[in-house]
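S.K.: Numbering-wise (numbering that gives the first Met the number 0), the sequence shown opens with residue 0 and increments by one.
By construction, the Cβ of each residue, glycine as well, lies at the ideal position given by its N, Cα and C atoms.
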Amino acid sequence: MLHYCVNGCLYCPYHLKNKTIPRKKLTQEEIRAEVIALQDMGHKRLAIEAGEDPVNNPIEYILDSIRTIYGIKHKNGAIRRVNVNIAATTVEEYRMLKEAEIGTYILFQETYDKKGYEELHPTGPKHNYAYHTEAMDRAMDGGIDDVGLGVLFGLEKYKYEFAGLLMHAEHLEAVHGVGPHTISVPRVKKADDIDPDMFDNGIDDETFAKIIACIRIAVPYTGMIISTRESEEVRRKALTMGISQISGGSRTSVGGYTEEERPHDTEQFDVSDSRKLDDVIEWLIDLGYIPSFCTACYRAGRTGDRFMSLCKSGQIQNCCHPNALMTLAEYMMDYASPFVKDKGLTLIDNELSGIPDEKVRNIARENIEAIKNSKGRDFRF
Ligand code: SF4
Ligand code: SF4
């Protein structure tokens, strides 16, 4: 939402000393336009990304923006889950985010190696390793029970990062009774003023795939996210290794969704998979997956330990499967191109008969008919 940042992160083009990047902050009207552009693609959830800057980005700006986003009524579109990725903050501000009904609070550790961390963050409040590392504890103390972890692979040695990530997950479970809701696996990418070769701990695709598989085995209940930083080919393989959430049609520049052309000079990092959302949906169907736009758990109050117990026992599948089909039906009716729509509706028909519980199957079938006949939206189990 804004390029302003007082930190000096060596791997990010928004660092304070980069004088070549134009700085911009979206107004509430501009945020509205961005969100409508996302809704018109078919998105139902988004993540707010913003740099750290107490003057340009106080918590009130984030809270106003969340209200703006949830308040937008535009055709059949709706952002049903706003996730937030902002700098480490106080328990009080985390409580405000909770009250604003955020979904997941996301904060990447970047690196768990303290010495490396301090060198990579030479200036600004983010330099404080302990304050950053304990952010999720404060978030949970503030009532946020869905938190998203991640390291930026390539900055430091991956074995250390992998162990650190798992220990962080274990710590959250032990202390707060809830492990990470999601784990992201970003790798350092090229951007204005940033060359990934400056960091000599880059990992090859094979090692990257193994890391994903090992995280999946070690933290089976967590959602695993891969972004458009990675290419189509890497993402395809990552899906088979345990990734459960992928982004599509993303733009990483401030205000990028309302631009005709993808702006490259102000991106936070280069996007490798630049396909449109509709292409990503078709690709997932062709690969044999069911693309889901479901946001039901958080809206039904299934968060934190409640969510974890359903997830660990596998019972959540009884909700995920029909919810995926119903939200995919919304996408197919409202946003898909005709060719993708045919494929999607066929998939939905085939999958409906595979819902084991007869009552659930019948309700899902009725709801999907209602969606097809424009008699309703936003059904969920
Ligand atoms: S990574 Fe975040 S905190 Fe660091 S310079 Fe970029 S926007 Fe600022
Ligand atoms: S029902 Fe499944 S897909 Fe939907 S929000 Fe819950 S875990 Fe995610």
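State the Cα-Cα distance for the pair residue 79 and residue 69, rounded to the nearest angstrom.
M.R.: Approximately 7 Å between the Cα atoms of the pair.
S.K.: With which residues is residue 223 paired in a DSSP beta bridge?
M.R.: BP columns for residue 223 point to 182.
S.K.: Enumerate in chain order the residues of its own chain whose CB-to-CB distance from residue 233 is below 6 Å, with the five nearest sequence positions on each side excluded.
M.R.: Excluding residues within five positions, the ones whose Cβ falls inside 6 Å are 204.
S.K.: Does the beta carbon of residue 11 sit closer than 9 Å to a beta carbon anywhere in chain D?
M.R.: Within the model displayed, chain D is absent; a lone protein chain is all it includes.
S.K.: If you scan the stretch 119-173 from start to end, which runs of the beta strand (DSSP E) of 3 or more residues do you find wholly inside it?
M.R.: With a minimum length of 3 residues, the continuous beta strand (DSSP E) runs that stay inside the stretch 119-173 are 146-149.
S.K.: Would you give the residue range spanned by the alpha helix (DSSP H) that residue 234 belongs to?
M.R.: Note, residue 234: alpha helix (DSSP H), 231-240.
S.K.: So what does residue 279 bridge to, in DSSP terms?
M.R.: Per DSSP, none; premise fails for residue 279.
S.K.: Evaluate residue 357 with the Cβ neighbour count: other Cβ atoms within 10 Å of its Cβ, from every protein chain shown; 16 or more gives buried, anything less gives exposed.
M.R.: It counts as exposed.
S.K.: Could you tell me whether the stretch 85-95 touches the stretch 44-62, where touching means 3 or more Cβ pairs closer than 8 Å?
M.R.: Touching, yes, given that three or more Cβ pairs across the two stretches are closer than 8 Å.
S.K.: Going by C-alpha distance, which of 45, 201, 316 and 1 is nearest residue 157?
M.R.: Selected option, being the one with the closest Cα: 201.
S.K.: Less than 9 Å separating the beta-carbons of residue 295 and residue 322?
M.R.: Cβ atoms of residue 295 and residue 322: closer than 9 Å.
S.K.: Does the distance from the C-beta atom of residue 20 to that of residue 265 stay below 9 Å?
M.R.: Yes, these two residues count as a Cβ contact at 9 Å.
S.K.: Please state whether the Cβ-Cβ distance between residue 112 and residue 73 is less than 9 Å.
M.R.: No, Cβ-Cβ distance for residue 112 and residue 73 is not below 9 Å.
S.K.: Answer yes if the stretch 235-245 comes into contact with the stretch 302-310, meaning at least three C-beta pairs across the two stretches below 8 Å, and no otherwise.
M.R.: Result no; under three Cβ-Cβ pairs closer than 8 Å.
S.K.: To the nearest whole angstrom, what separates the beta carbons of residue 346 and residue 289, a pair I think is in contact under 8 Å?
M.R.: About 7 Å; that satisfies the 8 Å criterion.
S.K.: Does at least one heavy atom of ligand 2 sit under 8 Å from the Cβ of residue 294?
M.R.: At least one heavy atom of ligand 2 is nearer than 8 Å to the Cβ of residue 294, so yes.
S.K.: Along the chain, which unbroken stretches of the beta strand (DSSP E) at least 3 residues long are found entirely within the stretch 79-108?
M.R.: Here the runs fully enclosed are 80-84.
S.K.: In whole angstroms, give me the CA-to-CA distance for residue 108 and residue 131.
M.R.: Looking at the two C-alpha atoms, the distance is approximately 7 Å.
S.K.: Hey, how far is the Cα of residue 272 from the Cα of residue 278?
M.R.: Approximately 11 Å, taken between the alpha carbons.
S.K.: Please report the residue range of the alpha helix (DSSP H) in which residue 324 lies.
M.R.: Counting along the chain, the alpha helix (DSSP H) containing residue 324 begins and ends at 316-333.
S.K.: Evaluate residue 26 with the Cβ neighbour count: other Cβ atoms within 10 Å of its Cβ, from every protein chain shown; 16 or more gives buried, anything less gives exposed.
M.R.: Counting Cβ neighbours within 10 Å, residue 26 comes out exposed, since fewer than 16 surround it.
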